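One point on numbering: in our numbering, the residue at position 82 of the sequence shown is 96, and numbering is uninterrupted. Okay, so here's the structure we're looking at.
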Amino acid sequence: METRLNMFENEVTGKFVKRLIAASRPVEESSLPKATQELVKIRASQINGCGMCLDMHTKDAAAAGETAVRLAMVAAWREAVVFTEAERAALALTEEGTRLADAHTGVSDETWAAVRKHFDEEQIGALVALVATINAWNRLNVIVQNPAGEYQPGMFG
């Protein structure tokens, strides 16, 4: 697979990507656990079929100490006993927030209540922003067909 457009070299997408990176910083600097952040990125990327983001976030999570079992189970998190209740709430929010076009009701009250039970206001804001930004990254990478498989942890840091 060859990328259709180098987003960093194109004038418009280059500016956009830099701003999207900057927009992600408050989430990265928040108290939302890093493991939860990676799980959210991985799950949204699975749903959206974004190989580039899956490559990046599974490798970053593994480099940060995430287990192979938990990484392998993200796609089937409902049936897996390896995730905390807080992580499960974050994954439910991720799915519902990613599949907005599939569910005409958006995020359910049940999921929102679970998120509120496990996360404080700062963390909830971080989760909402994270779901929005990873979906934007997924769409960019899928549209331009950025290839997956060559990412090295931290290479964009």
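All residues carry an ideal CB built from backbone N, CA and C; glycine is no exception. None of these values were measured; they are calculated from a predicted model.
Please state if the CB of residue j and the CB of residue i are separated by a distance shorter than 8 Å.
| i | j | result |
| --- | --- | --- |
| L85 | A76 | yes |
| L53 | E101 | yes |
| S44 | I148 | no |
| I3 | V88 | As displayed, the chain neither begins before 15 nor continues past 171, which places residue 3 out of reach and without an answer. |
| V156 | G28 | no |
| P40 | A143 | yes |
| H71 | E99 | no |
| I61 | E109 | yes |
| L105 | V121 | no |
| E80 | A103 | no |
Go ahead and label residue i buried or exposed: buried means 16 or more other beta carbons lie within 10 angstroms of its beta carbon, across all protein chains shown.
| i | result |
| --- | --- |
| D74 | buried |
| L141 | buried |
| Q159 | exposed |
| V83 | exposed |
| M169 | exposed |
CB-CB under 6 Å to residue i, same chain, minus the five flanking residues each way: which ones, in chain order?
| i | result |
| --- | --- |
| P161 | M15 |
| R92 | none |
| M46 | Note on identity: in this sequence residue 46 is Leu, with Met being the wrong assignment. Answer for L46: Q137, A140, listed in chain order. |
| V31 | M21 |
Less than 8 Å between C-beta atoms, sequence neighbours within five positions excluded: which residues of the same chain meet that for residue i?
| i | result |
| --- | --- |
| I138 | V129, R130 |
**Request:** Return the chain-ordered ranges of every alpha helix (DSSP H) run that is complete within the stretch 24-66 and spans a minimum of 4 residues.
**Result:** As far as the stretch 24-66 is concerned, its whole alpha helix (DSSP H) runs of at least 4 residues are 25-42, 48-62.
**Item:** Segments of 4+ residues assigned as alpha helix (DSSP H) that fall wholly inside the stretch 121-155
**Value:** For the stretch 121-155, the full-length alpha helix (DSSP H) segments reaching 4 residues or more read 123-132 along the chain.
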